[in-house]
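Everything below concerns the one structure shown next.
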Amino acid sequence: MNDVVGSVSRRAFLKTGATLGGGIMAAGMPLSQAIWAAEGKVLTARANQDVDKLDPAFYLGAVNSEVMSCIYSKLIRYKPGSEWSWELEAAEKIEQVDPTHIRFQLKKGIKFSNDYGELTVRDVKFSFERVIRLDSPSNFDWGPLDHVEVEDDYTGVIVFKTPFAPAWTLALPYGAGHIVSEDAVMKAAKDGGPFGMTPTAFSGPYVFADWKPNQHVLLTRNPEWSGPKPGFDEIRILPIGDIKTAERAYQAGDIDFTHISVDSLANFKSNSPADTTIEEKPSIGIVYVGMNIDHPKLKDINVRKAIQWAINVPQILDAAYAGQMEVATGSLARGLIGYRDKALVPPEGDLAKAKESLEKAGVSDFTVTVDCLNQSEFLTIAQVLQAQLSQIGVTAEINAQDSGSFYTIGMESEGDRWKDMQLIVQSFSNVPEPYYFSATYTRDQIGKWNWERFSSERFDELNAKAITIDDPNERAKLYREMQDLMEDSGAYRYLTNGASPFMYRTTRMQPATRPDGVPHYVAFKPV
Amino acid sequence: MLLYLIKRVVLAIAIVVVAVTLLFLMIRALPGDPAAVLLGPRATPEMKAQLHEQMGLDKPFVVQLAAFFGGLLNGDLGFDVFSRRPVADIVFEQLPYTIELILVSILWAVSVAVPLGCYSAMRRNSVIDQVVGVVAVATMAIPSFVVAVYALLIFAVMLGWLPAIGAGNGLWDRLIHLILPSLAIGISWVGYVSRLVRASMLEILGETHIRMARSFGISEWRIVARYALPLAILPTVTILGVGIAWLLSSAVFIEVVFARPGIGALIVNAVNTRNYPIVMGTVLVTTFLIVAATTISDLINGALDPRTREKL
Amino acid sequence: MASLEAIHTEANAGQGHGSFRTVLRQLRKNRLGTLGVVLVLFIAVSAIFAPLIITHDPTRIMVGPRLADPSLNFLLGTDQLGRDTFSRVIMGGRIPLLVAFVSLGSSLAVGLVLGLLAGFGPRWLDNLLLLIFDTIRSFPGIIFALAVIALLGPSLTSVILVIAITSMPIYARVVRTQTEALRSSEYIAAERSMGAGTNRILAVHVLPNVIGPLLILVSMDVPAVIAVEAGLSFLGMGVRPPTPDWGAILNDGYSYIHESVWLVIAGGIPITLATLGFTFLGEALRDIFDPKLRKDL
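Chains as they are written, first to last, in UniProt numbering: chain V, 1 to 527; chain Y, 1 to 312; chain A, 1 to 297.
In structure tokens form, the structure reads like this:
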């Protein structure tokens, strides 16, 4: 016996290849230096993806917006708490003069960092007009913005071509409402174009101090900030895509604030980590299965309808969220203007109808790809979807990818993948403004955010009309019809609006979030 | 020896040249526009056009290859479109984390394995020697990622003693964060190195001068520590170099399991995002590391054992 | 590298020992070898007869509650999709064995041909092939595999291809060394003078001499291949869902490590047993066929 053991795997070992010296090579190298300052109040939080654009005109997704809200000022912001409303930020006062005019007065003394001077109406004008001037996927945030009039350094008027109700619920308080320095941006990018991840002047309480892709974002106090001082000296945001990994990271003490998955909620509640509070907030996002209408395999509406009917939503939610999640009736969650009581296709679907529809299309036994995020929740959804589709003879190939790659699949500006996209397990965050959802599915958004390439004249009309109406009930009707139109196209199967539980260490902080649980780091208080 | 040194270094350079050419061919052999392949799925037409020009795709193949080599010599591994940074910056930013992990793993493994190997050699065929032997084979056979997941389950999840993810901040914290990952990588090395030390120790203990020392009544431990160990450990040191490919492979898994930064996490992430410039940059840098390590190891071997030199 | 050749050359000397029965007898005497045989047989039998053993459809979701503990109905519990873990583990054994068989088989064939070419061919070809072998061995293991997968897309075929390419140089080198040694031997010179052609010499004298050591080498590579396949599938770069596979099960377990320990156990134990079994068997076979190597290293 000893002999076998003795001669062991020199062979197995040598097989791996090559020869000496990792140690020697490494000896001269500096080990990773300590990145963090050891002192001060530090907030460490998890983001579900990395930042990739800190340009208000081109921001994608919620995480960029969360970071931007720390480093730039905007006129107003969503008020943290449990009710949706807004509060003043850079504006001293702001009012709707008439349906197409908003007058605002800036607070005095807000400075841009790096000697770019005081924030004036000129910068506001530049920032807002820049969003619509540049061909950005986010330019619908400002809808029918015409221009900003400069009355003096501190007073300006935002002028719309047509009435724009979402100004107060989307444009001003969210991503595209952040104010950048005209001088800095003109210097940093040709014609003031996109500047991506290299902002040169900050107008918020924090500055973007360091970024290691996929590792951390470090925000430190802006020494030139004259407004109310935020609680924490430093904010470290760790991009951890998979929520299960985030939970592990929290338990290991690497982060002090994180959202948690719905299926571990019960587990954490009964067996909560020390000094931890768990809060549950209703999410207003949307998770759905989308289909690329222009793809040859999905061109026939009967094929799309077959897939719609083959999907059993409660079964998916059972698997992905331990049945803790409510079935979505549409893009708009309960509580938002335009919420539908029920979807057109019943949640459980109907296999017989699905097969019938496939027969009508005259196809059988074909293969589709399903794109999804490389995170346990979405992988689970995709796998259940795969199993359900196999029941009608459709083979699904799952194509999981990280958020950076995933959230550009359908964008024509980011390569050719939009052509190959077939099925997608899509997940969008939302703001409390139905226009934010509807504007993404118009015809001019095809190849930008409208990845299913859904195209309906009626939808576009309704979308344009809805923003000019003030009465919430009237608006709601239009948004309900718009969701019906989308569902009727066969290209959408709504799964859930999600839930947004999060936990934090009570020994470290008192968090502040929007009603849907999105963190507002500036308002976090250290303990 | 000088001749051997020259020959060996020339061979190393030849290997690097062939390796780079093979990798270059690999990209080019794929159907479609190489610029599109290199830039990945998120490339815009402008980016492709720009790279087309950079790579000189309209020029003859040899010219392109030469340009590629020229870039490499200048430390240019290409450009990452996504983060808009040079690939070399990104790779060398992550490399120290991996080196740190590998070093710590091998250090603890060797410091456990050497005494173990000595003991096994001195008490050859004792119960302990045999048990150590079986355990050694077993630990070498079990893949590091399985060890890692089990270690994570037991020490981080069930017992909650040690952190589960990340690299930590500050010296102490970083060391704590290294415990489980380096355990997972190092454990198979304990088995391997202890067997190596045992083998060379047995060989040396059988030699005349040692037997003579023994006959003078010098204690066994003293013989081992003073005379045998320095000789026995040399081949071990050179063999350690052979393992760098193995170590790097383990590091890939360990960095993923423990969500540590490093070159392994970098490439897995790059494969997921289909970020080919980063993938290729990582392969190039690690290939170079391995060739360098192999060469140094062979040179040390050659210096110690003239027979090796003739084989080249 | 040099020492490696030395081992291989010595290995060849031990060729030709023992009929099948002698081997069996020696294996029985070798306790770890016996354990290896038992483990390997156990895994092979369960993989071959998997469809008869499984208790549920391994890809069918929601046959039970999700992440259930083991019970009489679900012997190893269920996974996050409510699939029967036991059935997945049993079916999952087929993938590593298939990958090992196909990749090492093709690697062996290619290595044999290239090795003969290098050993019998002109000097320049020999040098060129050696350089290529050395180059392939300088590629960084899993990192190189990931690069190939990045280019070809994640699939079992990519995994097989990578393993075949990276294990080939060792086989080729062994064949080459052996061939070269034989070529210069007086014995072959005599054959040649009697008019034997190259093909005949290769077939009659060289092949039988190299095939034994090659098979031992292959058997010792099996655990590494199983580890690589499971590892790549663990990273999500190997088998595609919903195919059951040990590495993929371990990955599911890793994702849900807080909710259930059973998936981690169910995914990790088979990988461990398989690599151990093949390692013990490979070591034992080498010792039986290679008395000269029955030193301490």
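The beta-carbon is built from N, C-alpha and C at its ideal position, and this holds for glycine as well. Remember, it's a predicted structure, so these values are computed and weren't measured experimentally.
- In this structure, the CA atom of V289(V) is about 19 Å from the CA atom of Y436(V).
- Distance from G243(Y) to A251(Y) at the Cβ level is roughly 12 Å; contact not present, criterion being Cβ atoms closer than 8 Å.
- K212(V): member of the beta strand (DSSP E) spanning Y206 to K212, first to last residue.
- Only residues of its own chain outside the window of five on either side were considered, and among them K281, P282, S283, I284 and S500 have a CB closer than 7 Å to the CB of D516(V), listed in chain order.
- The region 42 to 56 of chain A makes contact with the region 75 to 92 of chain A, as at least three CB pairs between them are under 8 Å.
- DSSP places K93(V) in the uninterrupted beta strand (DSSP E) bounded by A91 to D98.
- Looking at the DSSP output, Y504(V) sits in a beta bridge with F257(V) and T277(V).
- Residue state for W161(Y) is assigned as coil, using DSSP reduced to three classes.
- In the three-state scheme derived from DSSP, where H, G and I count as helix and E and B as strand, I132(V) is classed as helix.
- Of all residues in the region 267 to 283 of chain V, those with a C-beta nearer than 7 Å to a C-beta of chain A are N267, reading in chain order.
- Runs of the beta strand (DSSP E) lying entirely within the region 387 to 460 of chain V, each at least 3 residues long, are 395 to 401 and 423 to 428 in chain order.
- A contact between stretches requires three or more CB pairs, one per stretch, nearer than 8 Å, and the region 451 to 458 of chain V meets this requirement with the region 412 to 428 of chain V.
- Unbroken alpha helix (DSSP H) stretches of 4 residues or longer found wholly inside the region 134 to 165 of chain A: 141 to 152, given in chain order.
- Judged by DSSP secondary structure, G330(V) falls outside any beta strand (DSSP E); it is assigned neither H nor E.
- The alpha-carbon of A47(V) is positioned some 20 Å away from that of P273(V).
- Within the region 93 to 124 of chain A, contact with chain V at the beta-carbon level (separation under 9 Å) is assigned to no residue.
- The beta carbon of I392(V) sits closer than 7 Å to the beta carbons of A306, A310, L351, A354, K355 and L358 from its chain, once the five residues preceding and following it are set aside; these are given in chain order.
- Here DSSP, grouped into helix, strand and coil, assigns W84(V) to coil.
- Around R66(A), the beta-carbon contacts reaching into chain V at under 8 Å are D318, A319 and A322.
- For the region 136 to 154 of chain Y, residues whose beta-carbon sits nearer than 8 Å to a beta-carbon of chain A comprise V137, A138, M140, A141, I142, P143, F145, V146, V149, Y150, L152 and L153.
- Contact between R248(V) and I165(Y) is confirmed by a C-beta separation of about 6 Å, below the 8 Å threshold.
- Taking a contact to require three or more Cβ pairs closer than 8 Å, the region 176 to 186 of chain V and the region 113 to 130 of chain V qualify as touching.
- In terms of beta-carbon proximity, R240(A) lines the interface with chain V, with at least one pair separated by less than 8 Å.
- Using a 10 angstroms sphere on the CB of E89(V), the tally of other CB atoms reaches 16 or more, which defines it as buried.
- Within chain V, the residues whose beta carbon sits less than 7 Å from that of P163(Y) are A252, G253 and D254, listed in sequence order.
- The DSSP-derived three-state label of A464(V) is helix.
- Nothing from the region 115 to 133 of chain Y brings a Cβ to less than 8 Å from some Cβ of chain A.
- V162(A) and A172(A) have their C-alpha atoms some 16 Å from each other.
- At a C-beta separation below 8 Å, G236(A) has these neighbours in chain V: N374 and A400.
- Between the C-alpha atoms of G323(V) and L263(A) there is a straight-line separation of about 20 Å.
- Annotation for D210(V): L218 place their beta carbon closer than 7 Å to its own, counting only its chain and skipping 5 residues before and after.
- One finds V146, V149 and Y150 in chain Y with Cβ atoms closer than 8 Å to the Cβ of G268(A), taken in chain order.
- Using a CB distance cut-off of 8 Å, E283(A) counts as an interface residue toward chain Y.
- With fewer than 16 other Cβ atoms inside 10 Å of its own Cβ, T277(V) counts as exposed.
- Under DSSP, F104(V) forms a beta bridge with I94(V) and G156(V).
- Beta-bridge annotation (DSSP): E149(V) is paired with V157(V).
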